[in-house]
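Note that the sequence shown ends on residue 436 in this note's numbering; no numbers are left out.
By construction, the Cβ of each residue, glycine as well, lies at the ideal position given by its N, Cα and C atoms.
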Amino acid sequence: MTQQRESKSGLSRRTVLGAAGTMAATACGFGARAQEMNVRFVGERYPALEFYVKKLQSALPNVKVTADLMPNAPLKELQTITLSSGADSIDIMLGNDLTIANFAQNGWLEPLDEYIAKHKDEYKLDDFAKTAMSSASFGGKVYGLPVLTNTQLMAYRQDLFEAKGLKPPTSFEEYIAAAGALSSPSVAGTVMTLKGDGVLNEGHWYLNALGDGWFDANKKPVFNSPKGIAAIETMKSLTRFAPRGYTANGNDESTILFQQGAAAMGMQWLTRTAAMDRQDQSKVIGKINWAPPPRGGQVVVADTFAISKFTSRNKDTLFRLLAATLSPANQREGASLACPTRVSVLEDPELRQRFRYYNVLVPALDKGATFPKFAEFKEVSETVTRRVLQAVTGEMPVKEALDTGAKEAEEFLTRRGVYK
């Protein structure tokens, strides 16, 4: 019987090889505990995100995700302080259109184009709706994967339209005519939601559908162009069919107007559609339907998963973690909590039967428009929309109000160093 050769240290060759094999296996990921990657996620607390966090925590083996969820204001503060210092204590995070633009402009987010190209087929990344992906992009690069999307549809009382022999309008001429035909002392021809940021959302539709948008590629105002002025004139003309006190109506008030049968049509967020059939609140159950807004251009927003530029974790693994979390199966399962971002899920026959508005979601998203992609837009929009509201209510002539807003916007952006 041949004796095993021993090394000078007294260890047998088999023992040495066995130890080496164990170390190699651990390095390749077979030693789960040694290989485990700890990942920190920060995001806003709401039911849909809680659902996706659970999926995030089980998406990949040997990846342990710790999630810190909090209200929006402290979340943004935490993200800004952490990222601005270059700290690596956040690995992945939730963002929205405006924070993605801000953080990407500051160089705080990892561009994902390389990972998308590499993993496109494995995770079916071409399936994400184009407008949702646009919400996760800045400066020609993609900085996130969209978790959920929200947009506005044109809600309308199908029973009232049928009684008048009307079809859902596809142009503003038809929209104005329908609002006039359906307006009565007890029913507003159209809701107008202009409280708070409502004027930004409503004005966004008019300026993109009929005008040139808010700003051009050089961040110069175009909302006061001849087409922009005509768009806001159209918006102003519809106020005669709006509910009394429409400037004080936010999303809650407009939702109640629909539920009480006091509105014939108007723009409505997807997140408000379920309230139309609430047994304990609505008088119009089964009577509200939805259509794409005439000429498109309505606001589309998305909440997005992004990767910190400063994380010390393997970024390819982090990307695969996010992509696996947003699989078609997971989005289908979470569809009752939030609007999915994958076209295949939006077109799912079972979901279209459960949620009536799904039938028009894909064309609506295709024709929607995100907010302008620069970090200062949210701040400058507060000045501009104040002038838009003055134009719509007749406090100032439309052209004068928009020209004043354009001048103020340029002065603000100049002070902020936007124009080079």
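Rounded Cβ spacing between residue i and residue j (contact assumed at less than 8 Å)
i    : j    : result
M53  : V69  : Incorrect: roughly 17 Å between the Cβ atoms, too far for contact.
I108 : L338 : 7 Å
Q284 : A171 : 4 Å
L110 : L141 : In fact, because the Cβ distance is near 19 Å, the residues do not count as touching under 8 Å.
S200 : A278 : Actually they do not touch by this definition, with Cβ atoms about 10 Å apart.
P344 : S360 : 5 Å
A448 : L169 : What is shown of the chain runs 17 to 436, which leaves residue 448 out entirely.
Reference residue i; option with closest CA among the options
i    : options                   : result
Q314 : G384, A279 and M109       : G384
K436 : G266, Y262, N265 and K235 : K235
G266 : G410, K211 and P90        : K211
A197 : V215, L141, A258 and R432 : A258
N240 : T250, T255, P87 and L223  : L223
N375 : V414, A307 and K423       : A307
A340 : R56, P356, K71 and P310   : K71
E93  : I106, T82 and V81         : I106
A179 : P379, S360, K303 and L342 : K303
K299 : P310, I323 and L273       : L273
A407 : A148, I248 and A83        : I248
T96  : S324, A345 and L381       : S324
R61  : N88, P77 and V55          : N88
T263 : D137, E411 and A233       : E411
E130 : F335, L342 and L381       : F335
Q121 : L99, H135 and N346        : L99
L418 : G219, T147 and L182       : G219
K423 : L254, E349, P356 and F231 : F231
D113 : L182, T409 and F387       : F387
L254 : A233, A195 and A290       : A195
R56  : A83, P63, L377 and Q276   : A83
Extent of the continuous beta strand (DSSP E) run through residue i
i    : result
K134 : Premise fails: K134 lies in the alpha helix (DSSP H), D129 to H135, not in any beta strand (DSSP E).
V300 : Careful: V300 lies outside any beta strand (DSSP E) and carries neither H nor E.
L65  : Looking at the DSSP string, L65 is not in any beta strand (DSSP E); the run it does join, the alpha helix (DSSP H), is P63 to Q73.
F177 : Per DSSP, F177 belongs to no beta strand (DSSP E); it is in the alpha helix (DSSP H), Q174 to A179.
N122 : Segment: none, N122 is in no beta strand (DSSP E) and carries neither H nor E.
T320 : V316 to I323
Residue interval of the alpha helix (DSSP H) (run including residue i)
i    : result
D419 : V414 to R431
A197 : F188 to L198
T147 : K146 to S151
G156 : First-last for G156: undefined, no H or E at that position.
I108 : Taken as a continuous stretch (DSSP letters only), I108 belongs to no alpha helix (DSSP H), being part of the beta strand (DSSP E) at I108 to G111.
T82  : Where T82 is concerned, there is no enclosing alpha helix (DSSP H), although the beta strand (DSSP E) it sits in stretches over V79 to M86.
V408 : F393 to T409
N375 : Y374 to K383
N54  : No alpha helix (DSSP H) holds N54; the beta strand (DSSP E) holding it covers M53 to E60.
D332 : K331 to T341
P237 : Here P237 belongs to no alpha helix (DSSP H), and DSSP marks it neither H nor E.
V359 : V359 to L362
L367 : P365 to R370
P344 : P344 to E349
Nonlocal neighbours in the same chain, by C-beta distance under 6 Å from residue i, ignoring five residues either side
i    : result
K389 : A117 and F154
A425 : P237, V396 and V400
E416 : none
D293 : I301
M281 : Y172 and T206
L367 : A351 and Y374
A452 : Any property of residue 452 remains undetermined from this structure, which presents the chain solely from 17 to 436.
L176 : L198 and A280
T420 : R403
T357 : F144, A145, A148, P162 and T165
Own chain, CB closer than 8 Å to residue i, minus 5 neighbours either side, in chain order
i    : result
F46  : Only weak support is given to the placement of F46: the predicted model assigns it a pLDDT of 41, under 50, and the value that follows is read from those uncertain coordinates. Result list for F46: empty, nothing under 8 Å.
L429 : K235, E392, V396 and Y435
T250 : F188, I192, Y222 and L226
P413 : A407
A48  : A caution first: A48 carries a pLDDT of 44, below 50, which makes its placement in the model unreliable, though a value can still be read off. Taken in chain order, the residues that qualify are P77 and N78.
E269 : T209 and K211
Q347 : P356, T357, R358 and V361
Cutoff 7 Å; reference residue i; Cβ partners in own chain excluding five residues on either side
i    : result
A103 : F326
A152 : I116, V158, Y159, G160, L161, P162, A318 and T320
R432 : E392
N305 : Y172, Q174 and R372
V215 : T401, V404 and L405
K331 : E126 and I323
T38  : With a pLDDT of only 40 at T38, under the threshold of 50, the placement of this residue in the model should not be trusted; the figure read from the coordinates follows. For T38, where only same-chain residues beyond five positions count, there are no Cβ hits under 7 Å.
T287 : N166
L27  : Low confidence applies here, because L27 scores a pLDDT of 40, under 50, leaving its location unreliable and the question unanswered by this model.
G244 : L223, G227, D228, V238 and L418
G312 : A225, K383 and G384
E427 : none
Below-7 Å beta-carbon distance, residue i vs any chain B residue
i    : result
A318 : Given the protein chain composition of this structure (a single chain), no chain B is represented.
Cβ-heavy atom distance, residue i to the ligand SAM, below 6 Å
i    : result
I245 : Because no ligand of any kind appears in the structure shown, any question about the ligand SAM cannot be addressed here.
Just list the beta strand (DSSP E) runs in the segment 198 to 228, keeping only unbroken ones of 3 residues or longer that don't cross its boundaries, in chain order. none
Runs of beta strand (DSSP E) wholly within the segment 245 to 311 (minimum 3 residues, chain order): 281 to 285 and 304 to 307
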